[in-house]
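Number of protein chains: 2
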Amino acid sequence: MGVNSNRVNDFSSHGTTTEAVMPQTTEIHRVCLPPHKTTLQKLKQKLGDIFFPDDPLHRFKNQTSFVQKLLLGLQFFLPIFQWGPEYSLRFFKSDIISGITIASLAIPQGISYAKLANLPPIVGLYSSFVPPLVYSILGSSRHLAVGPVSIASLVMGSMLSEAVKPNEEPILYLKLAFTATFFAGLFQASLGILRLGFIIDFLSKATLVGFTAGAAIIVSLQQLKGLLGIVHFTSKMEFVPVIAAVLNHRNEWSWQTILMGFSFLAFLLTTRHISMKKPKFFWVSAAAPLTSVIISTIIIFCLRSKVHKISVIGYLPKGLNPPSVNMLYFSGHHLALAIKTGLVSGILALTEGIAVGRTFAALKNYQVDGNKEMISIGLMNIAGSCSSCYVATGSFSRSAVNFNSGAQTAISNIIMAATVLVTLLFLMPLFHYTPNVILAAIILTAVIGLIDYEAAYKLWKVDKLDFLACLSSFLGVLFVSVPLGLAIAVGVSVFKILLHVTRPNTLLMGNIPGTQIYQSLNRYTEALKIPSFLILAIESPIYFANSTYLQERILRWIREEEDWIKTNNENSLKCVILDITAVTAIDTTGIDLVCELRKMLEKRSIQLVLANPVASVMEKLHQSKTLESFGSKGIYLTVGEAITDISASWKAEP
Amino acid sequence: MGVNSNRVNDFSSHGTTTEAVMPQTTEIHRVCLPPHKTTLQKLKQKLGDIFFPDDPLHRFKNQTSFVQKLLLGLQFFLPIFQWGPEYSLRFFKSDIISGITIASLAIPQGISYAKLANLPPIVGLYSSFVPPLVYSILGSSRHLAVGPVSIASLVMGSMLSEAVKPNEEPILYLKLAFTATFFAGLFQASLGILRLGFIIDFLSKATLVGFTAGAAIIVSLQQLKGLLGIVHFTSKMEFVPVIAAVLNHRNEWSWQTILMGFSFLAFLLTTRHISMKKPKFFWVSAAAPLTSVIISTIIIFCLRSKVHKISVIGYLPKGLNPPSVNMLYFSGHHLALAIKTGLVSGILALTEGIAVGRTFAALKNYQVDGNKEMISIGLMNIAGSCSSCYVATGSFSRSAVNFNSGAQTAISNIIMAATVLVTLLFLMPLFHYTPNVILAAIILTAVIGLIDYEAAYKLWKVDKLDFLACLSSFLGVLFVSVPLGLAIAVGVSVFKILLHVTRPNTLLMGNIPGTQIYQSLNRYTEALKIPSFLILAIESPIYFANSTYLQERILRWIREEEDWIKTNNENSLKCVILDITAVTAIDTTGIDLVCELRKMLEKRSIQLVLANPVASVMEKLHQSKTLESFGSKGIYLTVGEAITDISASWKAEP
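Chains as they are written, first to last, in the UniProt record's numbering: chain F, 1 to 654; chain X, 1 to 654.
This is the structure:
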């Protein structure tokens, strides 16, 4: 027991220490109960804390004029009224440039991601048109570039195609995709309206790093089909069947496709590398996808009689988004699947959208309101599901380009939508000869950047359990399935919280000479034990889940202390002080523990004292009448005051 | 903002306050990192804390002699060696009396509970013979009376009879019951061997109060069959179908049965009432069941030609437990059900056994080792499953009688087993004419005592969320199903922990004049604000699940403070101190929060300072290099030292 060497062994020096410790505070402070509140008031405050932590109505508080209130209300619900009045031509110029830049990225990515979700390529373009328009009016982020994204597309594709084969029943598949989008939007908007935004907080950063990396690898593997020119591929998403399908169809590999694919892949990766090294040249990688599409389409068009082996997109219908309300699907036995897909892809889309929005808002020092963002993203997806769009959200890669190319407001989304509109109306036939292999290369380049091994390494260094959550979501997605991988990761994260609560730290404390500070003996070598006292700090709420453990652990501290006293011939233990500053909550089982411990120690003539209970603990002790059984000499405001007062009472009655 | 009135408004008096506050401690203490440990050492300590919190080998530490160690080891594994040498004739007399008393209770209860589990009555007696023998050798509680109990019997009966009708396939049903018992024992023993005993801690007291009350009502309703003399009854367990069955079979109600049943029920309840009022007369209620059985059997025997309507137990085979190893069932499609039933009834039996053991151990001031108890209970059930017994554990009612009648050691269990043995060998024919209605009355009396409405009321008063957990397990069991009710209750309990973590308290702190104590301004009216400082205490670990909330909440505190400063023309806010004493853990997301907050406040020329980080938080801050970015003026040991040092540095550079 190295820590015991800190103890003041000599009794006379002990006397000195004690006096040196607390000469100033002869006054003992009463421990107050918190101000009395009725159950209803408490409930109101609790609900306020849970649902309105940001006090969303604070803007309206000191306003008396009705017009002012109305204007603030409009600004609250439609952020366009907030920045609209200050909008200038200079802003507009910036927005036009960034809008066109992200459109040049959104068009090839939209087509590619739709293919990832097993949907017709045109749906990807539709989804880059309606949702950005809705978002630009409602959304509070100024830099979010809205449209389909890889993760949500992948999840939707993998979940729906398990039940319905997209090439066998294309209409049913499309119906399910729109229905899932509708439910995703409904779910997102409800989370925002019910102010349950904290649910997405349960996807910790560690989980997301692992999940994204796993999903990125799955997406990359899927691209092997396009990249190698394989015709017959598995519809499964997991690692093993995909690799098996690639190897089993070696006879279908086409060297022309491979050559073209890898050349453009090299080109795209090089441009990406340049932009990463020199952020000034962000436009190099931003322009690369569209350039690749144009060049490859021209090549294929010129060689169209010679390269039959390279598959192309083919015919795409011209025209605006057709309405799809009639395709929503509210009965029948696939409904449960559509709802489940909507929930999973909705929550992932939301997480990405809000994280991206917050990232860029922090860079420009403005606030993004999580709950309002959820409503905007939800409404834009509901609108999307009625106009032939599938799940859209803020894309990380396009938002970064948007930010770097100087976007000022959500107008850049409107410019992008207008560019997509022109494409939809006039330019669709140009994509007829675009080779599928280029789309594969574009997706690959985009998702490779999502594998954040540096973040994973940092997790390993800082927090092993966080790394475990990350690893399990990675492996779960890669080898089991996307929703299950996610569930495992959330489970690990929650388990981590529970583990911390189930096995809380208890510390042996000592006094830092010359002060009223009590700190861990193990950590502060200058800290000294006070003879006849055992000071323990409990570092967790006391709950049913840890009360048995805590009882055992506290009794063990006492046993070890008494053993040490016996071998060292010290003053016998007379008082145990529990510093419960960090016990931020207690439940009925916890109160039973405290009472039982007090009784057990009383039988052994040891006094139990509590120091610094927080308001809620004090209140529970009072309500359960435990406070009365402790009496006035049982609860102190600080450890120091407890020691002063108890030592004094011992001296008074020798 | 009532709390703000506490602030020292006058600047000159502020100066005085600050000086009055910290004249003694001019020295600023360095915040230490905990002693360095490798990952392996940390893992070892963490695992030690999780699995061996009680340090089970501490007995062996200072022993050198091999014989001594061997003896201690024997005592450790077979507690009989611990109390055996001290066993005296006086103890033996007490044990004989208590053993016979609990046998007189165990025989009628054993028969009754077996019927509750839809098993032949004789199985209940078998289960009161083998398990107590095994337990008396292995178990560490001296007062536990072992045998079948109502809750586990009910759960087994309800879960198994959903798949297999006990009257249609009695052999298969019996096989499944023994198999479930085997798995229950295996599960219990494994929990003990793997030292995972904390799993049963997740059944909080609140949950158990609700669960037990719900189960008691279900059991009582089941007894209506016997009490009213109904022949055709539902095999369902839930509230609604049982009531429906009672009402639909009104034509089967038999007035003779009802008369007899209610008379004996009145008798039993009266004796129970007497014993509860005067604990001295515990033997009145202890003897009542056997008395009722004897009297009612004699009545029926005398009137046997006249009262055909009253159903009797009928023929019971004489003889010892037959072996049942050959009836264990390790394949086939009911195996999953048997395992599930074993798990649920096993965990419930374990919870009851350990809680009862701990209760009486606390009364006599000795320790019951949870993990060792699990191994004993598990092994006795495995032994039981091989000798025609079903799940047994420590019964609350019989253990109380055992304790009150003066049992000294586990020998009373051996006496009880011997009495049951005599009954099995010679007295079985006497039970032929025992009416089933008496068994129903005995069960009813036993389970009514399990409805602890006082505990529920206390939960309501002390902790509304605990009450909610209690209520949901009550309603879940009553209206949904036994395992689902339990699952819901555990879910609510876990949700409660998560809610506390997701929405932690943040407190505005002030200084108590003349001290170095900083406390909540809201709770301590004498506490004063320090101008230019905002002191916030965070009362929870900082995790992914609450970092967004905390960021919003802290920014809101700052906003409100700045609003207040504006309206009151105060000194502007220059420093925010976060008192993180109660932040007992932090994860990578939490560290990101701290860094981001620091950057955001820096842009607004406000300094962010942390006070009193615990060891693990300090370590994480160090590993993630956040400590470096805070520098030497960013982390202090106490709020007081932070204020002294920062104020001084402001004075130095005006």
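Backbone N, C-alpha and C fix where the C-beta goes; we use that ideal spot for every residue, glycine too.
Looking only at its chain, what residues have a beta carbon closer than 7 Å to the beta carbon of residue i, apart from the 5 residues adjacent to it on each side?
{"i": "Val-356(X)", "result": "Leu-144, Gly-394, Phe-396, Ser-399"}
{"i": "Phe-264(X)", "result": "Ser-292, Ser-296, Ile-438, Ala-441"}
{"i": "Lys-574(X)", "result": "Ser-532, Ile-606, Gln-607"}
{"i": "Phe-51(X)", "result": "Arg-195"}
Counting only Cβ pairs nearer than 7 Å, list the residues of chain F close to residue i.
{"i": "Gln-516(X)", "result": "Gln-516"}
{"i": "Val-490(X)", "result": "Near Val-490(X) there are no residues of chain F at all, since even the closest Cβ is about 10 Å away, more than 7 Å."}
{"i": "Ile-565(X)", "result": "In chain order: nothing, as chain F lies at least about 15 Å away."}
Exposed or buried, which one is residue i when buried takes at least 16 other CB atoms within 10 Å?
{"i": "Leu-40(X)", "result": "exposed"}
{"i": "His-500(X)", "result": "buried"}
{"i": "Phe-479(X)", "result": "exposed"}
{"i": "Ile-646(F)", "result": "buried"}
{"i": "Met-509(F)", "result": "buried"}
{"i": "Thr-567(F)", "result": "exposed"}
{"i": "Asn-365(F)", "result": "exposed"}
{"i": "Gln-516(F)", "result": "buried"}
{"i": "Val-325(F)", "result": "exposed"}
{"i": "Val-21(F)", "result": "Because Val-21(F) sits at a pLDDT of 40, beneath the cut-off of 50, its placement in the model cannot be relied upon, and the following sentence gives the value as read from the coordinates. Buried, since its Cβ has 16 or more Cβ neighbours within 10 Å."}
{"i": "Gly-353(X)", "result": "buried"}
{"i": "His-333(X)", "result": "exposed"}
Since residue i meets chain X, which of its residues come closer than 7 Å, beta carbon to beta carbon?
{"i": "Tyr-543(F)", "result": "Ile-497"}
{"i": "Cys-32(F)", "result": "Arg-523, Tyr-524"}
{"i": "Gln-623(F)", "result": "Lys-461, Val-462"}
{"i": "Ile-50(F)", "result": "Arg-503"}
Kindly indicate which three-state DSSP category residue i falls into: helix, strand or coil?
{"i": "Tyr-315(F)", "result": "coil"}
{"i": "Pro-435(X)", "result": "strand"}
{"i": "Leu-528(F)", "result": "strand"}
{"i": "Ser-394(F)", "result": "Reading the sequence as shown, one finds Gly at residue 394(F) and not Ser. If DSSP states are grouped into helix, strand and coil, Gly-394(F) belongs with the strands."}
{"i": "Val-134(F)", "result": "helix"}
{"i": "Ile-542(X)", "result": "strand"}
{"i": "Val-231(F)", "result": "coil"}
{"i": "residue 717(F)", "result": "Outside the displayed span of chain F (1 to 654) sits residue 717(F), for which this structure offers no information."}
{"i": "Gly-634(X)", "result": "coil"}
{"i": "Val-219(F)", "result": "helix"}
{"i": "Met-260(X)", "result": "helix"}
Run through the DSSP bridge pairs and tell me what residue i is partnered with.
{"i": "Gln-607(F)", "result": "Cys-575(F)"}
{"i": "Leu-536(F)", "result": "Leu-508(F), Leu-578(F)"}
{"i": "Tyr-518(X)", "result": "Asn-511(X)"}
{"i": "Lys-586(X)", "result": "Checking the sequence shown, residue 586(X) turns out to be Ile, not Lys. Paired residue(s): Ile-542(X)."}
{"i": "Gly-147(X)", "result": "Thr-393(X)"}
Near residue i, which residues of its chain fall below 6 Å by C-beta distance, leaving aside the five closest residues on each side in sequence?
{"i": "Ser-94(X)", "result": "Gly-406, Gln-408"}
{"i": "Leu-610(X)", "result": "Leu-578, Ile-580, Ile-635"}
{"i": "Ala-349(F)", "result": "Ala-152, Val-391, Thr-393"}
{"i": "Gly-124(F)", "result": "Gly-110, Ile-111, Tyr-113, Ala-114, Pro-148"}
Using a Cβ cut-off of 8 Å, pull out every chain F residue sitting near residue i, in sequence order please.
{"i": "Pro-35(X)", "result": "Asn-522, Arg-523"}
{"i": "Lys-603(X)", "result": "Asn-365"}
What residues from chain F crowd round residue i, counting only those whose CB sits closer than 9 Å?
{"i": "Arg-556(X)", "result": "Pro-53, Asp-54, Asp-55, His-58"}
{"i": "Gly-370(X)", "result": "Thr-548, Glu-552"}
{"i": "Ile-591(X)", "result": "Val-462, Asp-463"}
{"i": "Glu-596(X)", "result": "Ala-362"}
Which chain X residues are close to residue i, counting only those with a beta carbon under 8 Å from its beta carbon?
{"i": "Val-130(F)", "result": "Simply none; closest approach about 29 Å."}
Chain X partners of residue i, CB-CB under 9 Å?
{"i": "Asp-452(F)", "result": "By Cβ distance, chain X contributes nothing, its closest Cβ being about 12 Å from Asp-452(F), past 9 Å."}
Beta-carbon within less than 8 Å of residue i's beta-carbon, same chain only, minus the 5 sequence neighbours each way: which residues are those?
{"i": "Leu-363(X)", "result": "Phe-403"}
{"i": "Gly-227(X)", "result": "Per the sequence shown, the amino acid found at residue 227(X) is Leu instead of Gly. Closer than 8 Å at the Cβ level, and outside the excluded window around Leu-227(X), lie Thr-257, Ile-258, Gly-261, Phe-262, Leu-265, Val-437, Ala-440, Ala-441, Leu-444."}
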